[in-house]
Every structure is written in structure tokens, then in C-alpha cells.
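Undergrad: So the protein sequences, as listed, match chains A and B. Just so you know, the first sequence maps onto residues 1 to 198 in the numbering used here. Just so you know, the second sequence maps onto residues 199 to 320 in the numbering used here. Below you will find the structure I want to go over with you.
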Amino acid sequence: MSLHPRRRTVRTVRGIVAQWPAIAVLAAIWVLLWGDLSWANVIAGALLAVLIMVVFPLPPVAAQGRFRLGPFLVLAGRFVADLVVASFHVAFMALRPRYVPRGAVVVVQLRNPDDVFLTITAVLSTLVPGSLVVEAQRRTGLVYLHVLDIEDSGGVEGVRRNVLQLEERVLRAFASDDVLAQCDVPQPGGRTSNEEVA
Amino acid sequence: MLFDAGTWSLITDVLAAVFILAGAFLTFAAGIGALRFPSLLARMHAVTKPQVLGLILLLIGLSLRVRSWSAVAMLALVVAFQLLTAPVGAHLVSRAGFRTGKVDESELQPNQMEPDDDEHTA
Numbered sequence: 001m002s003l004h005p006r007r008r009t010v011r012t013v014r015g016i017v018a019q020w021p022a023i024a025v026l027a028a029i030w031v032l033l034w035g036d037l038s039w040a041n042v043i044a045g046a047l048l049a050v051l052i053m054v055v056f057p058l059p060p061v062a063a064q065g066r067f068r069l070g071p072f073l074v075l076a077g078r079f080v081a082d083l084v085v086a087s088f089h090v091a092f093m094a095l096r097p098r099y100v101p102r103g104a105v106v107v108v109q110l111r112n113p114d115d116v117f118l119t120i121t122a123v124l125s126t127l128v129p130g131s132l133v134v135e136a137q138r139r140t141g142l143v144y145l146h147v148l149d150i151e152d153s154g155g156v157e158g159v160r161r162n163v164l165q166l167e168e169r170v171l172r173a174f175a176s177d178d179v180l181a182q183c184d185v186p187q188p189g190g191r192t193s194n195e196e197v198a
Numbered sequence: 199m200l201f202d203a204g205t206w207s208l209i210t211d212v213l214a215a216v217f218i219l220a221g222a223f224l225t226f227a228a229g230i231g232a233l234r235f236p237s238l239l240a241r242m243h244a245v246t247k248p249q250v251l252g253l254i255l256l257l258i259g260l261s262l263r264v265r266s267w268s269a270v271a272m273l274a275l276v277v278a279f280q281l282l283t284a285p286v287g288a289h290l291v292s293r294a295g296f297r298t299g300k301v302d303e304s305e306l307q308p309n310q311m312e313p314d315d316d317e318h319t320a
């Protein structure tokens with residue numbers, strides 16, 4: 001991975017404190033695993049989380065993000081609906097007799113190659129439309145998708161449109177206003193100038 | 199109260215049965231797909247979409263039946279990790295298949311893969 005800029009891992013106390021969301025998530029997982037919300041579990045979970053952060057430090061995630069509840073709910077709702085549709089679709093394909101799917105590999109240029117949004121879009125596009133990420137390039141924002149049945153998915157253009165729409169929903173839910181403006185995604189209603197329009 | 203406790207219990211039991219049956223169907227179809235689909239990449243579709251939703255439905259049905267918060271918390275964790283890991287696993291298997299020549303590229307129509315990029319050798 002020599003081409004990627006090597007980012008400094010954070011091992012200092014301030015670095016660990018700065019990654020408090022990760023500690024909170026790890027502690028929450030610990031509490032969920034024990035299935036019992038008690039002070040002993042919360043404290044033990046937090047201590048273990050700090051230990052994990054010290055022993056296995058990760059580079060901080062660089063994202064200019066802003067969480068928007070409305071678009072996030074749109075993203076989540078569409079995701080659940082698409083997951084149900086895609087699952088039953090693939091299930092019936094598997095059960096249809098004498099059926100051979102016509103696979104294809106399609107390349108899609110995403111608008112924003114930031115690690116976080118690229119990752120979320122890639123993971124979701126593997127689960128949701130009839131596609132599967134085979135290869136992704138951070139540097140260029142290119143995503144190579146395998147499509148199970150290219151005709152069912154509306155051809156190359158259909159696949160592209162679907163993935164770009166998915167990316168747009170991801171960006172609307174998580175990206176900052178600057179990123180949205182850069183990517184030409186209309187800003188959802190929020191504390192922006194076009195509040196009344198949206 | 200709209201219904202008494204016994205009726206509620208009956209309703210959740212029926213719902214649980216519906217979810218578990220739907221989940222079992224999807225998991226079964228995922229298994230069939232993994233067997234029947236002609237190529238490595240097509241098989242990966244079967245183990246991501248129907249398999250993941252099948253497991254989610256099974257666990258929803260289970261939590262409706264068990265009705266204990268600590269069990270539900272554990273099942274929610276299983277779902278979260280399944281959603282995070284299944285696509286990554288499928289991606290890695292597909293990528294490894296491509297790079298080691300286990301994918302018959304002549305079957306891919308169109309095939310827009312350009313494997314000679316510098317990031318591939320990294």
C-alpha cells in the first residue's frame with residue numbers, strides 16, 4: 001500500500017480521548033454482549049475499549065461529515081426496502097429452473113472518493129441493488145461492480161444510475177455542506193440558504 | 199388494553215413464526231444459489247443478499263419469541279456484524295478470484311474491468 005499516504009497513528013492520551021466515539025461504541029458492544037446494563041459492565045467495557053485503542057491503534061478517520069437525521073432516515077428506509085427486494089429477487093433467481101444469469105462488470109465513477117463515503121457506498125451497493133463490489137480505487141473513486149443479471153438491472157446505464165443515486169443518499173445523510181456543493185448534490189433542507197425551497 | 203396478555207402472546211408467536219419461515223426460505227434459497235449459480239461472482243450474490251436478510255428475519259422472529267432484552271441486544275449485535283462483514287467478505291473473495299484468474303472473464307458481457315492499474319500491485 002506504498003502509494004497511499006501513511007497516516008500517523010495516534011497513541012497519546014489526547015489521541016485516545018479524541019477517539020471517544022470509538023470507545024463508546026466498543027463499550028456499548030461489551031454491554032450488549034453481557035446483556036445487562038450495570039455500572040460494572042460499563043466501566044469494564046470502557047477500560048477494555050481504551051486497552052484495545054492503545055494496543056491496536058487505528059488512524060483517525062478523516063471525514064468532513066455532518067449527520068442529518070432526515071436524509072439518514074431516507075437512506076435507511078430505502079436500504080431496508082431495497083434489501084428485501086434484492087434478497088427475494090436473488091432468491092427467486094436461484095430457484096428458477098434452467099436459468100443462467102448473464103453477469104457483467106461495470107465501472108462507476110463516484111463523485112466523492114473520500115474514504116468514509118466510498119466505503120459506505122461500496123458496502124451498501126454490495127447489499128442492495130443487484131451488484132457486488134469487485135474492486136474499488138480510493139485515489140480515483142472508481143468502483144468496479146459485478147452485476148448478477150445485467151438485463152434485469154437495466155443495463156450498464158441502469159446500474160450506474162442506481163449506484164450514483166445510492167451515493168447521493170449517502171452523501172446527503174453524512175457529508176458536510178462543502179462536500180455536497182463540490183459534488184453538485186442539491187442540499188437537503190437544513191440550516192442552509194435554500195431552507196424554504198427544500 | 200386492546201387484547202389480553204394471552205392474545206398478545208399469540209399474535210407475537212404467529213408473527214415470530216412468519217418471520218422465521220421467511221428467513222428460513224431466504225437462507226435456503228441462498229444455499230441453492232451458492233450451489234447452482236455458474237460462477238464465483240454470481241455465487242457471491244447469493245451469500246450476500248438473501249443470506250443476510252434471511253438471517254435478519256430469523257433473528258427478528260427469534261427475538262419476538264424469546265422476548266428478553268438481553269437476548270435481543272445480542273441478536274442486534276449479530277445483525278450489525280453480519281451487515282458489516284458479509285459485503286467485505288464477498289468483496290475480498292471476488293477480488294481474490296479476479297486476481298488469481300479464477301473468474302472466467304469471457305462470460306462477462308460487458309466487462310469493464312481494467313486490471314493493470316498500479317493499485318492492483320500494491
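Idealized CB from N, CA, C, for every residue including glycine. Model, not experiment: these values are computed from the prediction.
Does the Cβ of I258 (chain B) have 16 or more other Cβ atoms within 10 Å, making it buried, or fewer, making it exposed?
TA: Within the second sequence, numbered from 1, the residue matching residue 258 (chain B) stands at position 60. So I258 (chain B) counts as buried.
Undergrad: To the nearest angstrom, report how far apart G262 (chain B) and F296 (chain B) are at their CA atoms.
TA: Residue mapping note: residue 262 (chain B) aligns to position 64 of the second sequence, counting from 1. Residue mapping note: residue 296 (chain B) aligns to position 98 of the second sequence, counting from 1. Here the sequence assigns Leu to residue 262 (chain B), which means Gly is not the residue at that position. The alpha-carbon atoms of L262 (chain B) and F296 (chain B) are separated by roughly 42 Å.
Undergrad: Give the straight-line distance between the Cα atoms of L48 (chain A) and A24 (chain A), rounded to the nearest whole angstrom.
TA: On the first sequence, residue 48 (chain A) is found 48 positions in, with the first residue counted as 1. On the first sequence, residue 24 (chain A) is found 24 positions in, with the first residue counted as 1. The straight-line gap from Cα to Cα measures roughly 11 Å.
Undergrad: Taking 9 Å as the threshold (beta carbon to beta carbon), is P101 (chain A) in contact with chain B?
TA: For the purposes of this step, residue 101 (chain A) is taken as the residue at position 101 of the first sequence. Yes, P101 (chain A) lies at the interface with chain B (some Cβ there is under 9 Å from its Cβ).
Undergrad: Would you kindly work out how many angstroms separate the C-alpha atoms of G35 (chain A) and V108 (chain A), rounded to a whole number?
TA: Within the first sequence, the letter at position 35 stands for residue 35 (chain A). Within the first sequence, the letter at position 108 stands for residue 108 (chain A). G35 (chain A) and V108 (chain A): Cα-Cα distance of roughly 42 Å.
Undergrad: Is the Cβ-Cβ distance between L224 (chain B) and F88 (chain A) less than 9 Å?
TA: Stepping through the second sequence from its first residue, residue 224 (chain B) is reached at position 26. Stepping through the first sequence from its first residue, residue 88 (chain A) is reached at position 88. It is a contact, given that the beta carbons lie within the stated cut-off.
Undergrad: DSSP three-state label for Q280 (chain B), please.
TA: Within the second sequence, residue 280 (chain B) is the residue found at index 82, counting from 1. Of the three classes helix, strand and coil, the one that applies to Q280 (chain B) here is helix, per DSSP.
Undergrad: For G231 (chain B), would you say it is in contact with chain A, using Cβ-to-Cβ distances shorter than 9 Å as the test?
TA: Against the second sequence, residue 231 (chain B) aligns to sequence position 33. Closer than 9 Å to some Cβ of chain A, the Cβ of G231 (chain B) qualifies, so yes.
Undergrad: Out of A:S131, A:C183, A:V170 and A:P21, point me to the one whose CA is closest to V156 (chain A)'s CA.
TA: What you label residue 156 (chain A) is simply residue 156 of the first sequence in a count that begins at 1. Checked all of A:S131, A:C183, A:V170 and A:P21; the closest Cα to V156 (chain A) is A:S131.
Undergrad: Do you know how far the Cα of L251 (chain B) is from the Cα of L83 (chain A)?
TA: Indexing the first sequence from 1 puts residue 83 (chain A) at position 83. Indexing the second sequence from 1 puts residue 251 (chain B) at position 53. Between L83 (chain A) and L251 (chain B), the C-alpha separation is close to 7 Å.
Undergrad: Given that a residue counts as buried once 16 or more other Cβ atoms are within 10 Å of its Cβ, and exposed if not, what is E167 (chain A)?
TA: As a position in the first sequence, residue 167 (chain A) is number 167, starting the count at 1. Classification of E167 (chain A): buried, given that the 10 Å Cβ count is 16 or more.
Undergrad: Taking 9 Å as the cut-off, decide whether the C-beta atoms of S292 (chain B) and V133 (chain A) are in contact.
TA: Indexing the second sequence from 1 puts residue 292 (chain B) at position 94. Indexing the first sequence from 1 puts residue 133 (chain A) at position 133. A contact, by the Cβ cut-off of 9 Å.
Undergrad: Does the contact criterion of 3 or more C-beta pairs under 8 Å hold for the stretch 17-32 of chain A versus the stretch 40-47 of chain A?
TA: Judged by Cβ distances under 8 Å, the stretch 17-32 of chain A makes contact with the stretch 40-47 of chain A, as three or more pairs qualify.
Undergrad: If L239 (chain B) and H146 (chain A) are in contact, beta carbons under 8 Å, what's the gap, nearest whole angstrom?
TA: If you number the second sequence from 1, residue 239 (chain B) lands on position 41. If you number the first sequence from 1, residue 146 (chain A) lands on position 146. With a Cβ gap of about 4 Å, L239 (chain B) and H146 (chain A) count as contacting.
Undergrad: In terms of DSSP beta bridges, what is V90 (chain A) paired with?
TA: Taking the first sequence and counting its residues from 1, one reaches residue 90 (chain A) at position 90. Paired residue(s): none; V90 (chain A) is not in a bridge.
Undergrad: Once the 5 residues before and after Q137 (chain A) are set aside, which same chain residues still bring their CB inside 6 Å of it?
TA: As a position in the first sequence, residue 137 (chain A) is number 137, starting the count at 1. Nothing listed; no residue qualifies.
Undergrad: Can you give me the start and stop residues for the beta strand (DSSP E) that A136 (chain A) sits inside?
TA: Locating residue 136 (chain A) in the first sequence gives position 136, counting from the first residue. Element bounds for A136 (chain A): S131 to Q137.
Undergrad: So what's D314 (chain B) in DSSP terms, helix, strand or just coil?
TA: As a working note, residue 314 (chain B) is residue 116 in the second sequence. Note that D314 (chain B) scores 49 on pLDDT, short of 50, meaning its location in the model is unreliable; the coordinates nonetheless yield the value given after this. If DSSP states are grouped into helix, strand and coil, D314 (chain B) belongs with coil.
Undergrad: For my contact list, A214 (chain B) and A228 (chain B) are in at a C-beta cut-off of 8 Å; report their separation, rounded to the angstrom.
TA: Taking the first residue of the second sequence as 1, we reach residue 214 (chain B) at position 16. Taking the first residue of the second sequence as 1, we reach residue 228 (chain B) at position 30. With 8 Å as the limit, A214 (chain B) and A228 (chain B) do not qualify as a contact, their Cβ atoms being about 21 Å apart.
Undergrad: Does the pairing of the stretch 170-186 of chain A with the stretch 65-79 of chain A give three or more beta-carbon distances under 8 Å?
TA: At 8 Å Cβ cutoff, the stretches touch.
Undergrad: Quick one: grab the DSSP three-state call for Q109 (chain A).
TA: The count along the first sequence starts at 1 and reaches residue 109 (chain A) at position 109. Strand, per DSSP.
Undergrad: Which same chain residues end up closer than 6 Å to L75 (chain A) when comparing Cβ atoms and leaving out the 5 residues on each side of it in sequence?
TA: In the first sequence, residue 75 (chain A) corresponds to position 75, counting from 1. So the qualifying residues of the chain are R169 and A173.
Undergrad: Residues of chain B with CB under 8 Å from A29 (chain A), in chain order?
TA: Mapped onto the first sequence, residue 29 (chain A) falls at position 29. Reading the sequence as shown, one finds Ile at residue 29 (chain A) and not Ala. By Cβ distance, chain B contributes L275.
Undergrad: If the criterion is Cβ atoms closer than 9 Å, does the pair S237 (chain B) and G154 (chain A) meet it?
TA: Reading the second sequence from its first residue, position 39 is the one you call residue 237 (chain B). Reading the first sequence from its first residue, position 154 is the one you call residue 154 (chain A). No; because the gap between Cβ atoms is not below 9 Å, this pair is not in contact.
Undergrad: What do you get for V54 (chain A), buried or exposed, if any count of 16 or more other CB atoms within 10 angstroms of its CB means buried?
TA: Position 54 of the first sequence, counted from the start, is the residue given in the question as residue 54 (chain A). Counting Cβ neighbours within 10 Å, V54 (chain A) comes out exposed, since fewer than 16 surround it.
Undergrad: If we cut at 9 Å on Cβ distances, does A222 (chain B) have a partner in chain A?
TA: In the second sequence, the residue the question calls residue 222 (chain B) occupies position 24. Answer no: the Cβ-Cβ gap between A222 (chain B) and chain A never drops below 9 Å.
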